[in-house]
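Enquirer:
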Amino acid sequence: MSGEVNISIVLDMQRKLYRWSNEDPDKVFVDLFNLVCDRRTLNEAWRRLARNSGSRTPGTDGMTRLTVEQRPGGAAAFLEEIREALRNGTYCPEPVRQRLIPKPGKPGQFRPLGIPTLIDRLVQMALKLILEPIFEADFYPTSYGFRKGRSTHDALVRIQKVLHPTRRGPSVYRYVIEGDIKGCFDAIDHHVMMEGVRRRISDRKVLRLI
12 MSGEVNISIV LDMQRKLYRW SNEDPDKVFV DLFNLVCDRR TLNEAWRRLA
62 RNSGSRTPGT DGMTRLTVEQ RPGGAAAFLE EIREALRNGT YCPEPVRQRL
112 IPKPGKPGQF RPLGIPTLID RLVQMALKLI LEPIFEADFY PTSYGFRKGR
162 STHDALVRIQ KVLHPTRRGP SVYRYVIEGD IKGCFDAIDH HVMMEGVRRR
212 ISDRKVLRLI
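Okay, so the sequence shown: first residue is 12 according to my numbering, each after it adds one.
#1: Expressed to the nearest angstrom, what Euclidean distance is found between the alpha-carbon atoms of R169 and H202?
#2: So the beta strand (DSSP E) R62 belongs to, where does it begin and stop?
#3: Quick check: R108 and T71, are their CB atoms within less than 7 angstroms of each other?
#4: Going by other Cβ atoms of all chains shown within 10 Å of its Cβ, with 16 needed for buried, is D214 buried or exposed?
#5: Taking the DSSP output, what are the residues bridged to Q109?
#6: N99: buried (16+ other C-beta within 10 angstroms of its C-beta) or exposed?
#7: Pick from N17, Q81, W31, R30: whose alpha carbon is nearest that of R59?
#8: In angstroms, rounded to a whole number, what distance separates the CA positions of A56 and F146?
#9: Quick one: any contact between the region 130–149 and the region 29–46, if contact means 3 or more CB pairs under 8 angstroms?
#10: Are at least three pairs of beta-carbons, each pair with one atom in the region 129–143 and one in the region 46–54, less than 8 angstroms apart?
#11: Nearest to R209 by alpha carbon, out of V41, L28, V21, G125?
#12: Measuring CB atoms only, is the region 121–140 touching the region 89–106, in the sense that at least three cross pairs come out at less than 8 angstroms?
#13: Do S162 and L174 come within 7 angstroms of each other at the CB atom, strictly closer than that value?
#14: Roughly how many angstroms separate the alpha carbons of R94 and L220, rounded to a whole number?
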């Protein structure tokens, strides 16, 4: 199957997942594991992962995109191994490689960065391909962080539209509050987060992967 056809199939699947989720806010998705393990999903996950410069950075297993491509069978054999590990339940995430990254504009301050293994990054990408369109239907239209096709520039445009007077009269808003949650991702309550996930996902195999 050509890459273009594979991408088209995955995109069509994502559009369906989004539509079903958007049309029924109470819909719970039961059988998603087979979609995660689908060869087309894994192929697209690999395509996206391989084109990212991070694919050249090894995790604790020392594996990179180049080492995968140089193995017997190359990426195709690598993906099949992961697919079988997922399907037979032997897949297990590995510890992440820890690095400290300097904070821009803050000399002497660093933020921790966890680098998963290439296998774990691939599984995470496959999960993202399936879960993202489902939860995208639930996100607020005024939420711009870490969403495809949205950026800080979009948030600024939204702020300008809200604050500036219109033909209907002056805006009722006068202030913009800028804030930062210290250690946000380190402090996320995973129990609360998973409760939100379970509101939409009941597939136990997918929940275990998350």
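Every residue, glycine too, gets a C-beta built ideally from N, C-alpha and C.
Expert: According to the structure data:
#1: Counted from its first residue, the sequence shown places residue 169 at position 158. Counted from its first residue, the sequence shown places residue 202 at position 191. Computed Cα separation, rounded: 32 angstroms.
#2: Translated into the one-based positions of the sequence shown, residue 62 becomes position 51. Taken as a continuous stretch (DSSP letters only), R62 belongs to no beta strand (DSSP E), as it is neither H nor E.
#3: Sequence index remark: in the sequence shown, residue 108 carries index 97 (1-based). Sequence index remark: in the sequence shown, residue 71 carries index 60 (1-based). The answer is yes: Cβ separation under 7 angstroms.
#4: Numbered from 1 along the sequence shown, position 203 holds the residue referred to as residue 214. So D214 ends up on the buried side.
#5: In the sequence shown, the residue the question calls residue 109 occupies position 98. For Q109, which the question treats as bridged, DSSP gives the partners G125.
#6: In the sequence shown, the residue the question calls residue 99 occupies position 88. With fewer than 16 Cβ atoms within 10 Å of its Cβ, N99 is classed as exposed.
#7: On the sequence shown, residue 59 is found 48 positions in, with the first residue counted as 1. Among N17, Q81, W31, R30, the Cα nearest to that of R59 belongs to N17.
#8: For this step, residue 56 is matched to residue 45 along the sequence shown. For this step, residue 146 is matched to residue 135 along the sequence shown. Their backbone Cα atoms lie some 18 angstroms apart in a straight line.
#9: yes
#10: yes
#11: Taking the first residue of the sequence shown as 1, we reach residue 209 at position 198. Nearest option by C-alpha distance: V41.
#12: yes
#13: What you label residue 174 is simply residue 163 of the sequence shown in a count that begins at 1. What you label residue 162 is simply residue 151 of the sequence shown in a count that begins at 1. Going by C-beta atoms, L174 is not nearer than 7 angstroms to S162.
#14: Within the sequence shown, numbered from 1, the residue matching residue 94 stands at position 83. Within the sequence shown, numbered from 1, the residue matching residue 220 stands at position 209. Distance between the alpha carbons of R94 and L220: 13 angstroms.
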